[in-house]
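In what follows, a structure is listed as C-alpha cells, so that the remarks can point back to it.
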Amino acid sequence: MNVLDAIVLALRQVWAQKLKSFFTLLGVIVGVTFLISVNAVVEGMNRYVQEDFAGSIFGINTITVQRVYSRRGGREDARTRRREARNPDITLDDAQVLRENVPDIWYMAYSSDRFMPEVSSGQNTRKNVRLIGVTDEYLALQGWDVVEGRGLTRIDDTRSIRVAVIGDAIAKKLFPEDSPIGHDIRLGPFRYRIVGVLKRQGGLIGNIRDASVVLPFGAYQADFARQRNVVEDLQIKFRTSEAMVAGEATTEELLRARHRLRPGEENDFSIETASQILNAWNTVKNVLLAAGPGLVAVALVVGGIVIMNIMLMSVLERTREIGVRKALGARRIDITRQFLAESATLSSLGAAIGVVIGMALAKLVDVVTPLPASVPVWSIIVGVALGLLVGLVFGVYPAIRASRLDPIVALRYE
Amino acid sequence: MMTPAENTVILTRDLRKDYELGAETVRALQGVDIQIDKNEFVAIMGPSGSGKSTLLNLIGCLDTPSAGEYWLGGQEVSKLDDNELAQIRNSRIGFVFQTFNLLPRTTALHNVELPLIYAGLSAKERHARATQTLEAVGLGGRIKHQPNELSGGERQRVAIARALVNQPSLLLADEPTGNLDSHTSAEIMEILVNLHRQGETILLVTHERDIAAYAKRLITLRDGKVERDELHAAGVS
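For the protein sequence lines, the chains are V and A, in the order given. Take the first sequence: its position 23, counting from 1, is numbered 16 in the numbering used here, and each next residue is one higher. Each position in the second sequence, counted from 1, maps to that position plus 41 in the numbering used here.
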C-alpha cells in the first residue's frame, strides 16, 4: 500500500466519524489557533508600535525631557517614586540653555497641558478636552497637520495672543455646520479665537489629539498654567539618529550641570526617546513570544495524547479489520503506515482548521480593534508542520500495536 | 527431503502444532500428512477440538507449525517470516470466512480491491479487475453498495470475489455457509462448484455433512490426526 492510498483511506475514516474526529482534534486545533492568532497579534502590535505608536508619542529621532519618567514600560518601585518626587521642575531657563547649546537641533518645542472639563462655542459644548500650550514649532515637530486655517506662530507665543488651533472632534462638535475659523471659543473665563483645525487622526492615539485644544504657550501660561516658567514637556527633534544620540548626551550633561549633580549621582530629570518605548515594548513582546511556545506545546502535547488514545481505541475497535487486512496480505509495514497516515492526516486536518480559525481571529482583532494583526506566513507553515509532527509522533505507538496483532486472534475478535 | 510434484498444491509432512495454554501444552495437530493436487475440491470435517481450525490457519499461512513441513505450490513455507507469509497470503491464497469479514462502511468494490492494494497494483488496474471479478460472481450491479446494504448471500459473494481477485492457487473456505440459510447456502455452494469446474483448487472446512457433500474428497480429522481420507461417492460431479 502506498502513502497516497493510506491518506485516502485515512480521510475516508475521518469523514466516516466526523464528530469524533472533531473532538479528537480539539487539542491540536486549539494549539495551532493559539499559535497563529498570538503570532498575528504580536506581529501586528509590533508593526503598530514601531510605525505608529512610538512615532506618534515620541516621534522619530526625538528626545523628550520631563521632570519625571512618565511613560515607562517597566516597573517602578516606591523608592524610585519618592526620589523622583524631589526632582526639580524643568524651567524656561533650562529650555533656553538647551536651545542655545544642543547641536543640530531640527525642531525644538515645549508644552504644558491640562485637562479642561468643557469648551464651548456659545451654542455647543464639548466636554472633556485636553488643553495644551505649545511653542511655535510644536505642530511641525509632532507632525500634526493643519487642514484648515493656520498653525501657531512665534508671535502668537511671545505676545501671548489668545488664539487656538482645535482638534477635529472638537471642531465637528462645536461647529457642525460652518467653518470654525474666526469664531471664538470659551475656555473657562477666557475667549480664544480659532485660527486653525487639525487634521483628524483617528484610532487609539488619535482620540487624544482629536479632542485637543492647542494654545500658544504664552497665553496658556498666563491663563491656565499651575506654575509659571515651568515646562512640563520639552521635545527636541533631530534629522538623524546619530544627531539624536549626540544631542541626548549634550542635553543630559547640560541639565546635570544646571542641577549641580555630582558624578555618580542619579539624574533628577528624565530623557526619553522612542527607542525607550520600543525597548519596553520589546520586553512585553519577548514575554509573549517566550510564553507562547510553552502554551502551544502544552496544547499540542495534550492534543497528541488525545489522538494517541483515540487511535488506540480505533485499533481495538478495528481489530477484526486489521485481521482481515492481514489475511488478505497486508504486511506489518502496511498496517503501520495505514494507522500512521490516519493519525497524521487527522492532526494535520486539525492544524489546518486551527490555521483557519487563527486567521479568522486575527482578522477579527484587525477589524474590531485599532490594532493591526497580520498572520506571518512562517507561522502557518510552522502550525501545519507541528500538526503533522504531533500526528506522527503520537501515532507511532498505536500504529505499531496494530501492526503486531496476530491475524488469527484478530480475525476471531468480537 | 523431496520436492513435491508439480501439480501438488498442498503437501504436509508430519505437520505438528502445539500451544501453550497456561501450564499445559495443547497438542492441536499431532502429525498430519495431506496432499492436495491442483483442481481438487476437498472438504475437511471433524468435531470441534479435532484440529480443523489449526490446520486451516497453517494451510492459510496465518500461522507456522511447531514441527513438520508444509509445501505450498512447490515452496516450503513453514519457515518463512511474517512479511513473506503476508505476501504468500496475498498472492496464492483466497480466504472465504464464515462471517464474511467484509470491511464495514466500505463499498463492495473497495472490499474486493483490498488484496490488489497490498499487491501494489495501480488504482486503475485495481478498479478494472475488482469490477470484473464482482461481475463474475453476479454482483456487477452492486459494486457501489456497502455490506449493510447487501443480503447475506450477496456479502458472501463479495467475499468470494475478494478471495478470487488475486487469482490465487488455493481457495480456502472456512464454514462459508455457516451464517446462511439453506437456500442461500446452496447458491454459494453452486458458485464454489462452478469455480471448481473452471479449475480452481478449493479446500472447504465445514461441520455440515450436506455441505461437505459438494466436495469430491473428504478428510476427517480427529484428535489432531487424519482419521479418514476418502473420495466421496456422493460428491456433485
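Quick reminder that beta carbons are idealized off the backbone N, C-alpha and C, glycines included.
Within 8 Å, strictly: CB atoms of residue 85(A) and residue 242(A)
Contact: no.
Can you tell me whether residue 149(A) is buried or exposed, with buried defined as 16 or more other CB within 10 angstroms of its CB?
Under this definition residue 149(A) is a buried residue.
Sub-8 Å separation of residue 295(V) and residue 206(V) beta-carbons:
With respect to the 8 Å criterion, residue 295(V) and residue 206(V) are not classified as neighbours on the basis of their beta carbons.
Out of 229(V), 241(V), 358(V) and 390(V), which has the shortest C-alpha to C-alpha gap to residue 307(V)?
The residue with the shortest Cα to Cα distance from residue 307(V) is 390(V).
At what residue ranges does the region 81 to 123 of chain V contain a whole run of the beta strand (DSSP E), taking only runs of 3 or more?
Annotation note: the region 81 to 123 of chain V contains the following uninterrupted beta strand (DSSP E) runs of length 3 or greater, listed N- to C-terminal: 100 to 113.
If we ignore side chains and look at the alpha-carbon of each, how far apart do residue 66(V) and residue 117(V) end up?
At residue 66(V), the pLDDT of 46 sits below 50, so the modelled position is not reliable; the number obtained from the coordinates is stated separately. Roughly 39 Å between the two C-alpha positions.
With the cut-off set at 8 Å, would you say residue 210(V) and residue 103(V) are in Cβ contact?
In this structure, residue 103(V) lies closer than 8 Å to residue 210(V) by Cβ.
DSSP three-state assignment for residue 161(V), whether helix, strand or coil
Residue 161(V) sits in a helix when the DSSP states are folded into three classes.
Please give me, in chain order, every unbroken run of the alpha helix (DSSP H) with length at least 4 that falls completely inside the region 233 to 269 of chain A.
Counting only runs that start and end inside the region 233 to 269 of chain A, the alpha helix (DSSP H) elements of at least 4 residues fall at 250 to 253.
State the DSSP-derived secondary structure class of residue 228(V), mapped to helix, strand or coil.
Strand, per DSSP.
Chain A contacts from the region 295 to 320 of chain V (Cβ-Cβ distance under 8 Å):
Here the close residues are 313, 314, 316, 317, 318, 319 and 320.
Collapsed DSSP secondary structure at residue 213(A) in the structure displayed
In the structure shown, the three-state DSSP call for residue 213(A) is strand.
Straight-line gap, residue 192(A) to residue 26(V) (C-alpha atoms, nearest Å):
Cα to Cα, the separation comes out at about 47 Å.
Tell me the DSSP bridge mates of residue 316(A)?
Chain A is shown only over 42 to 278; residue 316(A) falls outside these bounds and no answer can be derived.
Considering only their Cβ atoms, is the gap separating residue 52(A) from residue 106(A) smaller than 8 Å?
Not a contact, by the Cβ cut-off of 8 Å.
Going by C-alpha distance, which of 215(V), 171(V), 11(V) and 259(V) is nearest residue 473(V)?
Any property of residue 473(V) remains undetermined from this structure, which presents chain V solely from -6 to 407.
So, at 8 Å on beta carbons, what are the nonlocal neighbours of residue 35(V) in its own chain, with the 5 sequence-adjacent residues on each side left out?
278, 281, 282 and 285.
For the beta strand (DSSP E) that contains residue 79(A), what are its first and last residues?
Where residue 79(A) is concerned, there is no enclosing beta strand (DSSP E), given that its DSSP letter is neither H nor E.
Rounding to the nearest angstrom, what Cα-Cα distance links residue 76(V) and residue 261(V) in this structure?
About 8 Å.
Tell me whether residue 205(V) sits in a helix, a strand or coil according to DSSP, three-state version.
In this structure, residue 205(V) counts as strand in the three-state DSSP scheme.
Assumed close pair residue 334(V), residue 29(V) - CB separation to whole angstroms, cut-off 8 Å
Taking 8 Å as the upper bound for CB-CB distance, residue 334(V) and residue 29(V) are not in contact here, some 25 Å apart.
Please report the distance separating the alpha-carbon of residue 238(A) from that of residue 207(A).
For residue 238(A) and residue 207(A), the distance between alpha carbons rounds to 18 Å.
So residue 383(V) and residue 248(V) are in contact, right, with Cβ under 8 Å, and what is the actual spacing, rounded?
Not quite, the Cβ-Cβ distance comes to about 57 Å (not below 8 Å), so this is no contact.
Would the beta-carbon of residue 187(V) fall within 8 Å of that of residue 157(V)?
Yes, they are a contact pair.
Neighbourhood of residue 91(A) by C-beta, 6 Å cutoff - its chain only, sequence neighbours within 5 removed:
262 and 263, listed in sequence order.
Any Cβ of chain V within less than 8 Å of the Cβ of residue 189(A)?
So, not an interface residue.
Taking DSSP as the reference, what is the three-state secondary structure of residue 176(A)?
Residue state, collapsed to three classes: helix.
Residue 98(A) touches chain V at which residues, Cβ-Cβ below 7 Å?
Here the neighbours are 401.
To which residues does DSSP link residue 59(V) through a beta bridge?
The partner list for residue 59(V) (beta bridge, DSSP) reads 263(V).
Quick one: is residue 197(A) near chain V, going by C-beta distance under 8 Å?
So, not an interface residue.
Anything in chain V within Cβ reach of residue 76(A), meaning under 7 Å, just list it in chain order.
At a beta-carbon threshold of 7 Å, none of the residues of chain V lie near residue 76(A); the nearest stands roughly 24 Å away.
Do residue 32(V) and residue 372(V) have their C-beta atoms closer together than 8 Å?
Contact: yes.
Could you name the residues of the same chain whose beta carbon sits closer than 8 Å to that of residue 92(V), not counting the 5 residues immediately before and after it, in chain order?
Once the five neighbours on either side are set aside, the close Cβ partners of residue 92(V) are 98 and 101.
Using a threshold of 8 Å, state whether the C-beta atoms of residue 260(A) and residue 251(A) are closer than that.
In this structure, residue 251(A) does not lie closer than 8 Å to residue 260(A) by Cβ.
Beta carbon of residue 225(A), beta carbon of residue 181(A): below 8 Å?
Their beta carbons are not under 8 Å apart, which means residue 225(A) does not touch residue 181(A) by this criterion.
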